[in-house]
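Undergrad: If you count the sequence shown from 1, position 317 lands on 320 in the working numbering, and the numbers rise without skipping.
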Amino acid sequence: MEDNAALSAAELLELNREVQGSRAVRLLATLNLGVYATLMERHLSGGTVAETDLVVRLERDLAALGDSEQSGLALIKSWASQGWLHRVADTRAGHERNVCYLTQDARRALDFVRGVRRNDTIATGGSINGIASRLKQVAVRVGNDPDRIRAGIEAEIAALHAELDELDAGLRPDPDVTAMYDEARAIAMQMERLITDIGLYGSMIEQATAALDDPIDSNADYRDRQRRMYADYQEAWDSAGRDSHRAFLRMINDPQQRAEFEADIATVAATLPELDPALRKVMASFFELVGHQIDEVERIQQRCAQRVKRFTAFGTLEQSRGVARQLNDAIGAARALLKVSLTDSRLDLDVPLARHTISSIGALSFRINDLSAPKPAQVADGEVDLSTFAALTTQVDAPAMSEMINTALRQAPVSLPDAVGMLDSAYLGHVIVLWSWALKQPRSAGDSQTPASTTVRFQSLDGRDREMEVPHLVFTEPILGAAS
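This is the structure:
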């Protein structure tokens, strides 16, 4: 929990602006809150509704409320654009149809509206006694006073024995009805809030992948967005929302726990007839409403999986673009190597260096005019300056690779072939980057002659194993600045 006293006015203002910009607060601040809350509560508070049915219901109510100018479909689209309504395609019924259901922000706003309308309060006659009792239990359990812990346990045992003796004697004092109503009302309000909060885990993973569909201009943006996605997923995984989601899922799937819970709800509803009807409905429909939230989390997980799939496919294309852009920087020094000795090239075509206009994600097909077998690659003549290939560090995990080499250097010097062999899956980019790093390593006076060549193996983009000759260079000093 944040300490508001330790925050500056500017920091606190920024936090409050974020709250002001949330979808729940925007719904509460809209001028049509009365109409929107009425329609949402009547037709969407129970869960998923087919869009065609929802359009008919909304237009019927709009006509009854004297607002026949706005169509139900236009209202649905407006709510969806504001982030208050989900419109998704559902194929589980055997045919594809659009279904609608409220977002967590809209549900939270409706909870607040219902609470204000009912004048919900926990400041009742029996609330202070319950608070004091529960607070004492917590204090005794977390405290480190053995005498007080023992006294509390003995007092509980004595109270339970006294209650058993009264039961055996046929004496059953009437419960405090006021306290029972207060406790049941507080439980029902908590259940109403839990129905909304159970979907917070889904909202967190939705936010973790929300930015994956935005345009990406560079490989650095792709890498940063990928790392942010994993960090957000880890935060959602460690959150209380995920724990609540799993706990409710276990209870719903446990027949014994669910039967006992439903029996308790029926008992409370039968013995407390003056309980607020809206809260009674929440208690009676608790498992059904929680089930809708569980289904919503599953739908969110499916959408997020599709986003991650598209993002990964786009990343492959984006990395290919990045290779082309960075090869442009090295093309002047390594033109002969690219055309003659680069056996990893799949097409005998010059790589286009300009940014293309393809924006869709799909398969690209090429028509090959010459179907004859390609000629074997020839050994390139002359020396090539591979230092310009250091730009490929953005295409490989340069920080992890440099850390791997620096760790190995603590034991002994590492040769370039050995460094390539330390990688689990070496691609051409890994070999080239390691080669460019090895060229920058200091060499002794006795190593002025051309070093002997060694064959190393790497994996091509088409999945085949390749091999190439690299000089027997040696890493003797740590690699600095590889992560930049």
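Yeah, the Cβ is synthetic: ideal placement off N, Cα and C, and Gly gets one too. Note that this is a predicted model, so its numbers are computed, not measured.
(1) Check this for me: beta carbons of residue 314 and residue 408, under 7 angstroms apart or not?
(2) Can you give me the C-alpha to C-alpha distance between residue 425 and residue 414, rounded to a whole angstrom?
(3) With a threshold of 8 angstroms, are at least 3 pairs of Cβ atoms found where one atom belongs to the region 39-59 and the other to the region 97-116?
(4) Let me know if residue 359 comes out buried or exposed under the rule of 16 or more other beta-carbons within 10 Å of its beta-carbon.
(5) For the alpha helix (DSSP H) holding residue 188, just list the boundary residues, first then last.
(6) Please state whether the Cβ-Cβ distance between residue 191 and residue 292 is less than 7 angstroms.
(7) Give the DSSP-derived three-state secondary structure of residue 420 in the structure shown.
(8) Around the Cβ of residue 266, are there at least 16 other Cβ atoms within 10 angstroms (buried) or fewer (exposed)?
(9) Span of the alpha helix (DSSP H) holding residue 426?
(10) Span of the alpha helix (DSSP H) holding residue 67?
(11) Any contact of the region 205-212 with the region 303-314, i.e. 3+ C-beta pairs under 8 angstroms?
(12) Quick one: Cα of residue 301 to Cα of residue 71, how far?
(13) Is the number of C-beta pairs between the region 153-165 and the region 216-230 that are closer than 8 angstroms three or more?
(14) Nearest-angstrom Cα distance between residue 417 and residue 438?
(15) Would you mind working out which of 312, 410, 287 and 91 sits nearest residue 215, comparing C-alpha positions?
(16) Over the uninterrupted beta strand (DSSP E) stretch that includes residue 460, give me the two end residues.
(17) Could you please give the first and the last residue of the uninterrupted alpha helix (DSSP H) stretch that includes residue 88?
(18) Assuming residue 264 and residue 297 are in contact, meaning their beta carbons sit under 8 angstroms apart, how far apart are those beta carbons, in whole angstroms?
(19) Helix, strand or coil for residue 472 per DSSP?
(20) How many Å lie between residue 232 and residue 299 at the Cα?
(21) Please report how far the alpha carbon of residue 50 lies from the alpha carbon of residue 295, in whole angstroms.
(22) Of the choices 61, 483 and 36, whose alpha-carbon is the least far from that of residue 47?
(23) Consult DSSP for residue 358 and reduce its assignment to one of helix, strand or coil.
(24) Have a look at 137, 83 and 10 and flag the residue whose alpha-carbon is nearest the alpha-carbon of residue 26.
(25) So is residue 195 buried or exposed if we call it buried at 16+ other beta carbons inside 10 Å?
(26) Flag this pair as yes or no: are the beta carbons of residue 514 and residue 182 separated by less than 7 angstroms?
(27) Which residue's Cα is closest to the Cα of residue 475: 444, 429, 461 and 168?
(28) Let me confirm a value: residue 240 is counted as buried when at least 16 other C-beta atoms fall within 10 Å, else exposed. Which label applies?
(29) Alpha carbon to alpha carbon, what distance is there between residue 121 and residue 154?
(30) Classify residue 482 as helix, strand or coil using the three-state DSSP reduction.
TA: Concretely, from the data shown:
(1) No, Cβ-Cβ distance for residue 314 and residue 408 is not below 7 angstroms.
(2) When rounded, the distance between both Cα atoms is 14 angstroms.
(3) Look at the beta carbons and you see the region 39-59 touching the region 97-116: at least three pairs across the two are nearer than 8 angstroms.
(4) Note on residue 359: pLDDT 44, under 50, position unreliable in the model; the coordinate value appears next. Classification for residue 359: exposed.
(5) Looking at the DSSP string, the run of the alpha helix (DSSP H) that includes residue 188 is 180-200.
(6) Not a contact, by the Cβ cut-off of 7 angstroms.
(7) Three-state result, residue 420: helix.
(8) Counting other Cβ atoms within 10 Å of its Cβ, residue 266 stays below 16 and is therefore classed as exposed.
(9) Residue 426 -> no alpha helix (DSSP H), and no H or E assigned at all.
(10) Looking at the DSSP string, the run of the alpha helix (DSSP H) that includes residue 67 is 54-67.
(11) Output reads yes: the region 303-314 touches the region 205-212.
(12) Near 36 angstroms, if we compare the C-alpha coordinates of residue 71 and residue 301.
(13) The region 216-230 and the region 153-165 do not touch, with fewer than three beta-carbon pairs separated by less than 8 angstroms.
(14) Taking the straight line from one Cα to the other gives about 12 angstroms.
(15) Looking at the Cα atoms, 312 is the closest of the given residues.
(16) Element bounds for residue 460: 456-462.
(17) In this chain, residue 88 is not harboured by any alpha helix (DSSP H); it is covered by the beta strand (DSSP E) spanning 88-93.
(18) Between residue 297 and residue 264 the Cβ distance is about 15 angstroms, and since that is not below 8 angstroms, they are no contact.
(19) When DSSP states are grouped into helix, strand and coil, residue 472 belongs to the strand group.
(20) Rounded to the nearest angstrom, the two C-alpha atoms are 21 angstroms apart.
(21) Distance from the CA atom of residue 50 to the CA atom of residue 295, rounded to whole angstroms, is 6 angstroms.
(22) Sorting 61, 483 and 36 by C-alpha distance to the C-alpha of residue 47 places 61 at the top.
(23) Note that residue 358 scores 44 on pLDDT, short of 50, meaning its location in the model is unreliable; the coordinates nonetheless yield the value given after this. Residue 358 falls in the coil class under three-state DSSP.
(24) Taking each of 137, 83 and 10 in turn and checking the Cα distance to residue 26, the smallest one comes out for 83.
(25) In summary, residue 195 is buried, with 16 or more beta-carbon neighbours lying within 10 Å of its beta-carbon over all protein chains present.
(26) Examination of residue 514 is not possible in this model, given that the chain is present from 4 through 487 alone.
(27) Nearest of 444, 429, 461 and 168 to residue 475, Cα basis: 444.
(28) Its Cβ having fewer than 16 others within 10 Å, residue 240 is exposed.
(29) When rounded, the separation of the alpha-carbon atoms in residue 154 and residue 121 is 42 angstroms.
(30) Here residue 482 carries a coil assignment [DSSP, helix/strand/coil].
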